[in-house]
Amino acid sequence: MTGQEALEYLGKLRMLGMKLGLENMRELSERIGAPHERLRFIHVAGTNGKGSTSAFLASCLRKAGYRVGLFTSPHLVSLCERIQINGVPISMEELAEGVSELQVVAAQMAEAHEADADNPGRATFFEFITALALWTFERNKTDWVVWETGLGGRFDATNIVTPECSVITSIALDHAAHLGNTTALIAAEKAGIIKPQVPVVSGVLDPQALEVIHRRAADLDAPLEHIPADAARNLGIIRGRQRARIGERAYTLGLLGPHQVRNAACARAALEILRERGRCFITDAMIADGLAEAVWPGRFQVLRANPPLVVDGAHNPDAIHRLVETWQAAYGDRRCTLICGFLQDKKWDSMAQVLGTIADDVLVVGVASARTSDPAEVAQLFGHRARAFENLAAAWPEIRRIVREGPEPDTDAEAPEREGIATDAKPADEQETRPREGRAVLVAGSLFLVGEFLARRDGADSLFDMNEHLEPSPASARPIT
7 MTGQEALEYL
17 GKLRMLGMKL
27 GLENMRELSE
37 RIGAPHERLR
47 FIHVAGTNGK
57 GSTSAFLASC
67 LRKAGYRVGL
77 FTSPHLVSLC
87 ERIQINGVPI
97 SMEELAEGVS
107 ELQVVAAQMA
117 EAHEADADNP
127 GRATFFEFIT
137 ALALWTFERN
147 KTDWVVWETG
157 LGGRFDATNI
167 VTPECSVITS
177 IALDHAAHLG
187 NTTALIAAEK
197 AGIIKPQVPV
207 VSGVLDPQAL
217 EVIHRRAADL
227 DAPLEHIPAD
237 AARNLGIIRG
247 RQRARIGERA
257 YTLGLLGPHQ
267 VRNAACARAA
277 LEILRERGRC
287 FITDAMIADG
297 LAEAVWPGRF
307 QVLRANPPLV
317 VDGAHNPDAI
327 HRLVETWQAA
337 YGDRRCTLIC
347 GFLQDKKWDS
357 MAQVLGTIAD
367 DVLVVGVASA
377 RTSDPAEVAQ
387 LFGHRARAFE
397 NLAAAWPEIR
407 RIVREGPEPD
417 TDAEAPEREG
427 IATDAKPADE
437 QETRPREGRA
447 VLVAGSLFLV
457 GEFLARRDGA
467 DSLFDMNEHL
477 EPSPASARPI
487 T
């Protein structure tokens, strides 16, 4: 099977839609040898922050010398990003090999249930990818698996595992059609990952949600460590790096934003619990190094320092508020050209209103999804500041012009060191950090949009031709030139 054939097969599974429940997932895993019963997991759920927290956890465990599997969703550019070994996405060849093996098993499972009207036994796309991750991690002899939920927790396909520790990062309103329209209802779904007598870390601050988590943990005799609001303190962005005080110790974080402080605190707490229980050997220095070196593309990812070019996949009101808070922490009252697009089933009007507080002009684009909002309708919210484009490709010539505006990089080797934001192109200490004239640009509103932007940017014209997910996205990306 080729990589393209594997993607085509997975594309057909997508047409089956989504099905919440664990029966199929358990059977599928058992049919490939039940790797979910042998691997060691840290299970991470939450409305926002679960991907970043997973990135922090995986980075720290790698620093401790462990071989670490990381399973996350969705991907930005390549489906391979969802399954990583020691920070590296699996190759397209590995993906194709796994799909080839597992499609036989999935077909056998479907055939076995052919006469069962209540359970046709067909694996959904997410169930198949989850099984593929389990198969890959066992095959690669991982010591630890950082295991992020897809949607919710209670009936999410990832919830067939019994982890060494569970983490719930935050609770906010999102996916209301599937999870409920109150934070308490959503918390009940997320708290479904809590297992009997398995420790759980909570970064949740919403009182109603926190009460649900406390009750669930108590019912299951699961030791709960809650991160109080004052236990993780934002020290600001200093010399382009996020600083934090967690407990009695100061940290540098690899991810920017005040909200990342609580995500890092959740990761640290989980690792300390595992250390205390003798499940993991990791020193304080290893944790500090891991937090400092964590990478999570598409989350306040600075592609160019001066003038700023930032992409962020925030796609619900809570995350958008955090994005704007981070922008202001990094750039003060500097305003931006906003490139945005939203899904119709998200609260795009609320998100647009918040993003508008930092934007001078706006390009609204259609998102590469059948669920895209209408760019013209969104543009009306911004008034005369906004222009609407059918999709990102249609807007690309204008984006290219905007991004390339501004002075050339300062090559004066004698220039003194100055404040600024590090980018993915060079280490922070190699960046020219003087604030420049020229347009600051922010791309936000949807992970679909950010993924398409990064794919186009990495294409042949240095901003983009989509490569249809045939190659993994690099861990760090080059700036637009």
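Residue numbers (this note's numbering): 7 to 487. Glycine residues also receive a C-beta, built at the ideal position from the N, C-alpha and C atoms. From a predicted model like this one, the values you see are computed outputs, not experimental measurements.
For residue i, count neighbouring Cβ atoms within 10 angstroms of its own Cβ and tell me buried if that reaches 16, exposed if not.
i	result
Glu11	exposed
Glu425	Residue confidence is low: Glu425 scores 37 on pLDDT, short of 50, so the model does not pin down where it sits. No coordinate-derived value is stated.
Arg462	buried
Val173	buried
Ala163	buried
Glu14	exposed
Gly319	buried
Ala238	buried
Thr378	buried
Gly389	exposed
Asp255	Here the sequence assigns Arg to residue 255, which means Asp is not the residue at that position. So Arg255 ends up on the exposed side.
Ala224	exposed
Thr363	exposed
Pro314	buried
Glu100	buried
Asp464	buried
For a quick check, are the C-beta atoms of residue i and residue j less than 9 Å apart?
i	j	result
Leu63	Val206	no
Gln392	Val370	Going by the sequence as given, residue 392 is Ala instead of Gln. Yes.
Leu85	Val456	no
Asn3	Ala325	Here the chain covers residues 7 to 487 and nothing more, so residue 3 does not appear.
Phe132	Met24	yes
Cys171	His49	yes
Ile192	Gly158	yes
Gly444	Asn312	yes
Gly75	Gln90	yes
Trp354	Cys342	no
Val384	Ala394	yes
Ala382	Asn397	no
Val447	Val316	yes
Ala137	Ser60	no
Residue i lies in the beta strand (DSSP E); which residues open and close that run?
i	result
Ala365	Ala365 to Val371
Ile48	Phe47 to Ala51
Tyr72	Tyr72 -> no beta strand (DSSP E), and no H or E assigned at all.
Is any heavy atom in the ligand PLP found nearer than 8 Å to the beta carbon of residue i?
i	result
Ala129	By its list of ligands, the structure shown contains no ligand whatsoever, and the ligand PLP lies outside what it can speak to.
Going straight from the alpha carbon of residue i to that of residue j, what length do you get?
i	j	result
Thr142	Phe47	14 Å
Ala102	Met7	6 Å
Ala421	Asp380	Its pLDDT being 32, under 50, Ala421 is placed unreliably by the model, and nothing is read from it.
Met115	Val167	20 Å
Met21	Glu278	42 Å
Gly127	Gly52	28 Å
Ala273	Gly209	10 Å
Glu154	Ser79	7 Å
Glu195	Arg222	11 Å
Asp339	Gly242	15 Å
Pro169	Ala276	12 Å
Arg407	Ile96	35 Å
Lys18	Arg245	47 Å
Gln203	Met98	39 Å
Val449	Ala358	12 Å
Leu349	Phe459	16 Å
His265	Val111	42 Å
Glu43	Val94	24 Å
Glu144	Lys56	23 Å
Ile288	Ala271	16 Å
Gly9	Phe454	21 Å
Leu45	Asp149	7 Å
Arg268	Glu331	14 Å
His119	Leu387	50 Å
Leu329	Ala113	43 Å
Gly253	Ala294	13 Å
Gly493	Ser356	No answer is possible for residue 493: the residues shown for the chain start at 7 and end at 487.
Thr188	Glu411	44 Å
Ile219	Gly347	34 Å
How far does the alpha helix (DSSP H) with residue i in it reach, from first residue to last?
i	result
Ser208	Taken as a continuous stretch (DSSP letters only), Ser208 belongs to no alpha helix (DSSP H), being part of the beta strand (DSSP E) at Val206 to Ser208.
Gln307	Premise fails: Gln307 lies in the beta strand (DSSP E), Gln307 to Arg310, not in any alpha helix (DSSP H).
Phe62	Lys56 to Lys69
Trp141	Phe131 to Arg145
Glu231	No alpha helix (DSSP H) contains Glu231, which is instead part of the beta strand (DSSP E) from Leu230 to His232.
Arg268	His265 to Glu282
| Using 8 Å as the Cβ pair cut-off and three pairs as the minimum, do the region 96 to 112 and the region 169 to 178 touch? | no
| query | Per the contact definition of three or more C-beta pairs closer than 8 Å, is the region 279 to 290 in contact with the region 303 to 322? | reply | no
| field | Stretch pair the region 248 to 255 + the region 28 to 41: three plus CB contacts closer than 8 Å | value | no
| message | Assess contact between the region 37 to 52 and the region 254 to 264, defined as three or more Cβ pairs (one per stretch) separated by less than 8 Å. Is contact present? | response | no
| request: Kindly confirm or deny that the region 294 to 301 and the region 65 to 77 touch, where touching means at least three C-beta pairs closer than 8 Å. | output: yes
| said: Measuring CB atoms only, is the region 232 to 244 touching the region 189 to 202, in the sense that at least three cross pairs come out at less than 8 Å? | reply: no
| Using 8 Å as the threshold, is the region 362 to 376 in touch with the region 400 to 409, meaning 3 or more CB pairs across them? | yes
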